[in-house]
Every structure is written in structure tokens, then in C-alpha cells.
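First comes the structure, then the notes that go with it.
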Amino acid sequence: MAQTDLNVVTTQKQRLRKTTFQNIQPYLLCVPSFVVPVFIVGAFFLGVYYSLTDFDLRYGIRNYVGLGNYIRLFTEDRAFWGSVWTTIRYALACLIIQIPLGLAVSLALDKVGAFGRIGRSLILAPLVIPPVVAALMWKIMMGPTQGILNYMLMGVGLPPVDWLGDATMALYSLVIVDVWIYTPFVILVMSAGLQSLPKTPYEAAAVDGASPLFTFWKLTLPMMRPFILIVLIFRALDALRIFDTIYATTKGGPMKVTTTLTIMGFENSFRWSKLGMGMACMIIAWFLCFVVSKRLVRLMPK
Amino acid sequence: MNPAESYRTGIPWGKILSLILLVIYLAFALIPILWMVGMSLKNPLDVMAIPPKVIFEPTLENYARLFLGTQYSQREVARTDFPRALLNTFIIAGGATLLSVIAGTLTAYALARLRFSGREDIAFIILTFRFAPELTIILPLYVVYRTLHLYNTYIGLILIYQMISLPLLVWVIRGYFEAIPYDSEQAALVDGYSWWGAFRKICLPLAAPGIAATSVIAFIFCWNNFTFGLLLGARETQTLTVATSGFISYEQVLWGQMAAASVVTIIPVLIFAFLVQRWLVRGLTFGAVKG
Numbered sequence: 002m003a004q005t006d007l008n009v010v011t012t013q014k015q016r017l018r019k020t021t022f023q024n025i026q027p028y029l030l031c032v033p034s035f036v037v038p039v040f041i042v043g044a045f046f047l048g049v050y051y052s053l054t055d056f057d058l059r060y061g062i063r064n065y066v067g068l069g070n071y072i073r074l075f076t077e078d079r080a081f082w083g084s085v086w087t088t089i090r091y092a093l094a095c096l097i098i099q100i101p102l103g104l105a106v107s108l109a110l111d112k113v114g115a116f117g118r119i120g121r122s123l124i125l126a127p128l129v130i131p132p133v134v135a136a137l138m139w140k141i142m143m144g145p146t147q148g149i150l151n152y153m154l155m156g157v158g159l160p161p162v163d164w165l166g167d168a169t170m171a172l173y174s175l176v177i178v179d180v181w182i183y184t185p186f187v188i189l190v191m192s193a194g195l196q197s198l199p200k201t202p203y204e205a206a207a208v209d210g211a212s213p214l215f216t217f218w219k220l221t222l223p224m225m226r227p228f229i230l231i232v233l234i235f236r237a238l239d240a241l242r243i244f245d246t247i248y249a250t251t252k253g254g255p256m257k258v259t260t261t262l263t264i265m266g267f268e269n270s271f272r273w274s275k276l277g278m279g280m281a282c283m284i285i286a287w288f289l290c291f292v293v294s295k296r297l298v299r300l301m302p303k
Numbered sequence: 026m027n028p029a030e031s032y033r034t035g036i037p038w039g040k041i042l043s044l045i046l047l048v049i050y051l052a053f054a055l056i057p058i059l060w061m062v063g064m065s066l067k068n069p070l071d072v073m074a075i076p077p078k079v080i081f082e083p084t085l086e087n088y089a090r091l092f093l094g095t096q097y098s099q100r101e102v103a104r105t106d107f108p109r110a111l112l113n114t115f116i117i118a119g120g121a122t123l124l125s126v127i128a129g130t131l132t133a134y135a136l137a138r139l140r141f142s143g144r145e146d147i148a149f150i151i152l153t154f155r156f157a158p159e160l161t162i163i164l165p166l167y168v169v170y171r172t173l174h175l176y177n178t179y180i181g182l183i184l185i186y187q188m189i190s191l192p193l194l195v196w197v198i199r200g201y202f203e204a205i206p207y208d209s210e211q212a213a214l215v216d217g218y219s220w221w222g223a224f225r226k227i228c229l230p231l232a233a234p235g236i237a238a239t240s241v242i243a244f245i246f247c248w249n250n251f252t253f254g255l256l257l258g259a260r261e262t263q264t265l266t267v268a269t270s271g272f273i274s275y276e277q278v279l280w281g282q283m284a285a286a287s288v289v290t291i292i293p294v295l296i297f298a299f300l301v302q303r304w305l306v307r308g309l310t311f312g313a314v315k316g
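Protein chains in written order, with my numbering: chain A, 2 to 303; chain B, 26 to 316.
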């Protein structure tokens, strides 16, 4: 007890005599980490500025056009609203498939015990390889004539599918790729969550004779809520920002059906050299992500 | 293990269904990779075979062409310098991770231990980078980089890769530091160590495994990145991901070599990921979930 009193006295004294160094010390420690973020924030505001100009990469001219780019996107550009809808559709489809599937597989892993541990290591693989490589893999498998997928379909008597070339199918083929790559993420987080759940409610439920369905619906699911939320936030935002996989497979085609906001921003900037317009797309994309992340993070119990 | 299970008798339907689901899912997850490996071992004729060949005679031809620099085609279009890309990716990902570890560990310590106003704001700002679309930052940086002559340089790329590794390292390592009880450091301080001594002798050794594992995870993310290398680098600093995608061009598609390139690209990360899988969940969710 005397020990703590001594500590309190000493720290109080120290606090009264805090040197300038001690005052700025935490900020100094943060400085190295801030060099790059400052760079990035600077780039962001520069990007906002560019979006208000008609910057063309070929000529380098920059005339201030105010909200001209944005207005043109919202009113004249026929592809814009399509790409917004595509972006949202892609994200929703990914979420609807990945989260239940991931939850189901993680529950299965939990039930299976020892095999589950080996299974978890193997399941990691799609998640840790570069998404571009995964997309290229699937592009090969989804080839209309030479792809193994159609070969298997025809083997069981089903007609071949033009996975990446058909205007209605293309986006969903990309969703399949996304599911392949990122469901392991859902599985990993859910598994960690399941293992951290307390055992006593389950014991009580068993003693009371609860069915597995009941225990799942009333016990597991509510207790897993924070983990489901985490997965929802990460997956929703990653799906909204998607670029790599789409660029590597369809590049926004066929006929623009897989053009998300990010792809549109890229095309405007590099295919048509209109960086001003491209930046406007990207700022809108950023804004979408910002709004979604704020609303979702607010749901977190933290 | 659900305690309710032990009270049930009869056929373990739950376990059987789970096993079936797992087998199906594992097949779904692993077959594409195995198919890719198989394709990398096929000779050019087998690669293009219709219908696709499942049984074939393996050859290392694609790997040889990859590393010896020539491309098998009617026209000798040397578009990708693969060994160079491999080296580049190691340098860039490694350099970026190293830089992030040094800067990030210090920042994590400040955010974990020291009380100062604006602490949560700074932490949150670092985190918001995680959720912004990459291109929003890369496009203006493309212009900036070209002006500052940072385009197509190792330093330029290492700097921008911080956007990937730094938020991750700061947030997760901060969690590890916060988990260390303050008493140990306090004991060191009482013994006469400065904050730096306490940091070096107490915090670092205790958090070391977590820091090491998270660094590997950050390295994996940097390795896997595509857009930064695509837009801010060119031939000399080409990363593996960009090089691999370069095998598909408008003139020709070199499937076999692309498959070999893909295999080479994914092997290091698969090994690394396997080694740190215990820490993977924490790293992937920015420390929000333990384990």
C-alpha cells in the first residue's frame, strides 16, 4: 500500500514537471508514420482539385470547370448510373453469398474437430494468393471453348456457358470469383468467433432439450453478431472498391456490363486521358465507400 | 465442441452433413489452384487442347522459358522480364514492410501507452485509408509521381505501398502493446530505465512474435498488390502481379507460361501464410478479432 502511495506521489510530481520533450514525445513518435499518410491525404485533395478541372493527360491542360464533370456524369453520361448500379449489385451479390456460405462452412469446421484444423489451413489458400492471379486462373477455367468449367458442364449433359462473354452472366461470373477468393476470410473470422463463444449457454440448452436448429437460431446467431458485423464491414467495403479482378478478366466488358465505378474512373483517366473526369468518378466512389463505412461502423458495439 | 452433441445418440447427421459440405467446399477452393499447377506443367500443345486434357505428360518447359527470358511464340515479344519482376517484388514488398514496421511500431507504442489528446482521431485517420478505393489516391499520385520523377522507382513504390502495410501494422501492433500489462514497464521505469529502455526491454520482446507475424501478413498484402505496380511502375520496377497479367495481351495469350508465372507468384505467399496462420485472423481484421 505504501508502495502505491509512493508511486502516486512520484507521478504527480512528474506530471507537474513534464518537460517539453515529454509533451511532444507521443507526437514525435507518430511523425514517421505520418509522412506517408500526409502524402496520401495531400494526393486526395489534389484529386478533388483535379476532379474540378478538365485535366487531360495528353495535353496537360487544366481549366477549372467547377462541378462540370460531376454534372455531366449525373445527367449526360449514359454509363455512369449503370456503373453505380453495377457496383452496388456486385457488392450485394457478394455479401448475400459469402456471409451465409462462410458461416455454414465455419459451423461445419467447428463440428468436425480435428479435420477442421487441417481444413482451415487448406481453406486459406484462395485468400492469400494475389487476387489478380486468382482472377486469371478463373479466366482460363471460364474460357468458352477450352475452359475446364464448360468441359465439366458438357460432361454431365448441360449446355456450355459463356461465363465472361455473356452480358447477363459476366457480372455473376465475377461474383463467383470474388466468392472463391474471399469466402475463406469470412470462414476464418467466423471460426475465430465460434471458438470464442462461451459453452455454458449451450450446456443449458442441451439440458433443456433444445434442437440444433433452435440452438443455432437463438444462441449461436445472436452471439456471433459482432463477428458477422466485422465481416460485413470488411467485405462490403472491399466489394465496393473492387478493381483488380475485374480489370484482369473483363476490363469492364462485355459492353460495359461489368464496369464498376472504379473501372470507369480508370478508363476515363487512361483510355480517354480525361483525368479530370476520371477523378470525379473516383471521388464519387470514395464518397460511396465513406458513407457506407460510416453507417456500418456505427453499428459496431465497440 | 458443442456440449449438446454428447447428449445425442444415433447417426451423427450433423457431422456427416458437415463433412460433406467441407469436402465440397474444399474441392471448390483447391481445384482451381491444382488446375493452374497442372497447366503450368503442360507443353504448349496440351495447354490449348480442346477438350482440356486432365491426364498429360508433365514438362518444365514453361518454367524454363519463364526464367531464361525467352517467350515461346511465333513472334519473340519480350514483354515481361520475369526474373526481374520476382526481384522487384521482393525488394518493394520487403522494403515497404520494413519501413512500416519501424514507423508503425513507434506509432503503435505512442497510441497504446501515451495519453495525449487527438489520440483516437489519429488512430481513426490511419484506419480510414483502409476503406478508400485505391484508385482515388493513385490517380492523382500518378501525376504527382511523374512530376517528381518518382514514377517507376523503388523508393516511389515503397513509399506508396505504405498505404497498404502501415495502417495494418499500426492497428494490430497497438493491440499487442495494449495487451501487455503496464506494470512490467512501470517496474522498469522505477528501476531507472528511460521510456526507450522500457520499450526496448519489455514491450518489444513481449510483442515480438505478434510483430513478426503481422509483418509477414503485411508482406503478403504488399506482394499481392496489383494496382500500385500497374499504375506507378513500368518495365524496370514491374511487380510479379503485373508481370503475370502481362502474359495475356491482345496479340497472344501464353497460357502455359502464365500458369507457371502464377505458380511462382503464389508459392511464397502460400508458404508465408501457412507459417503465420495462427495470427492471420487478427491481421486480416486489423486486430478487431483475436486469434
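Glycine included, every Cβ here is placed at the ideal spot set by N, Cα and C. Quick caveat: nothing in here was measured; it's all calculated off a predicted structure.
DSSP three-state assignment for residue i, whether helix, strand or coil
i, result
"residue 261(A)", "coil"
"residue 296(B)", "helix"
"residue 163(A)", "coil"
"residue 140(A)", "helix"
"residue 40(B)", "helix"
"residue 200(A)", "coil"
"residue 12(B)", "Here chain B covers residues 26 to 316 and nothing more, so residue 12(B) does not appear."
"residue 264(B)", "coil"
"residue 54(A)", "strand"
"residue 226(B)", "helix"
"residue 176(B)", "coil"
"residue 218(B)", "coil"
"residue 275(A)", "strand"
"residue 278(B)", "strand"
"residue 38(A)", "helix"
"residue 141(B)", "coil"
"residue 47(A)", "helix"
"residue 82(B)", "coil"
"residue 256(B)", "helix"
"residue 251(B)", "coil"
C-beta neighbour in chain B for residue i, strict 7 Å
i, result
"residue 1(A)", "Residue 1(A) cannot be examined here, being either before or after the span of chain A that is shown, 2 to 303."
"residue 190(A)", "yes"
"residue 138(A)", "yes"
"residue 266(A)", "yes"
"residue 283(A)", "yes"
Backbone CA spacing between residue i and residue j [nearest angstrom]
i, j, result
"residue 38(B)", "residue 91(A)", "35 Å"
"residue 280(A)", "residue 259(B)", "22 Å"
"residue 121(B)", "residue 254(B)", "13 Å"
"residue 72(A)", "residue 65(A)", "14 Å"
"residue 221(A)", "residue 105(A)", "12 Å"
"residue 226(A)", "residue 81(A)", "35 Å"
"residue 33(A)", "residue 147(B)", "13 Å"
"residue 68(A)", "residue 80(B)", "60 Å"
"residue 150(A)", "residue 56(A)", "44 Å"
"residue 299(A)", "residue 234(A)", "10 Å"
"residue 177(A)", "residue 239(A)", "15 Å"
Residue-level contact to chain A via CB, residue i, 7 Å cutoff
i, result
"residue 68(B)", "no"
"residue 166(B)", "yes"
"residue 39(B)", "yes"
"residue 302(B)", "yes"
"residue 158(B)", "yes"
"residue 249(B)", "yes"
"residue 310(B)", "yes"
"residue 243(B)", "no"
"residue 77(B)", "yes"
Extent of the continuous alpha helix (DSSP H) run through residue i
i, result
"residue 122(A)", "115-124"
"residue 72(B)", "69-72"
"residue 302(B)", "302-309"
"residue 108(B)", "107-138"
"residue 62(A)", "It is not in any alpha helix (DSSP H) - residue 62(A) carries neither H nor E in the DSSP assignment."
"residue 155(A)", "149-156"
"residue 23(B)", "There is simply no residue 23(B) to check, as chain B begins at 26 and stops at 316 in what is shown."
"residue 209(A)", "Counting along the chain, residue 209(A) falls outside any alpha helix (DSSP H), and DSSP gives it neither H nor E."
Quiz item: Would you call the region 169-183 of chain B and the region 286-303 of chain A touching, i.e. three or more CB-CB distances under 8 Å?
Solution: no
Quiz item: Any chance the region 32-52 of chain A sits against the region 183-193 of chain B, with 3 or more Cβ pairs inside 8 Å?
Solution: yes
Quiz item: Quick check: the region 127-141 of chain A against the region 287-304 of chain B, are there 3 or more CB pairs under 8 Å?
Solution: Enough Cβ pairs lie closer than 8 Å, so yes.
Quiz prompt | Touch test, the region 278-285 of chain B against the region 64-72 of chain B, Cβ-Cβ under 8 Å, three pairs minimum | solution = Yes, since at least three Cβ pairs between the region 278-285 of chain B and the region 64-72 of chain B fall closer than 8 Å, the two stretches touch.
Quiz item: Is the region 133-148 of chain B touching the region 258-272 of chain A, taking contact as three or more C-beta pairs under 8 Å?
Solution: no
Quiz item: Between the region 182-199 of chain A and the region 302-311 of chain B, do three or more beta carbon pairs fall short of 8 Å?
Solution: yes
Practice problem: Specify whether the region 40-47 of chain B and the region 242-259 of chain A touch according to this definition: at least 3 beta carbon pairs, one from each stretch, less than 8 Å apart. | Solution: no
Quiz item: Do the region 117-131 of chain B and the region 240-251 of chain B meet, that is, are 3 or more Cβ pairs less than 8 Å apart?
Solution: yes
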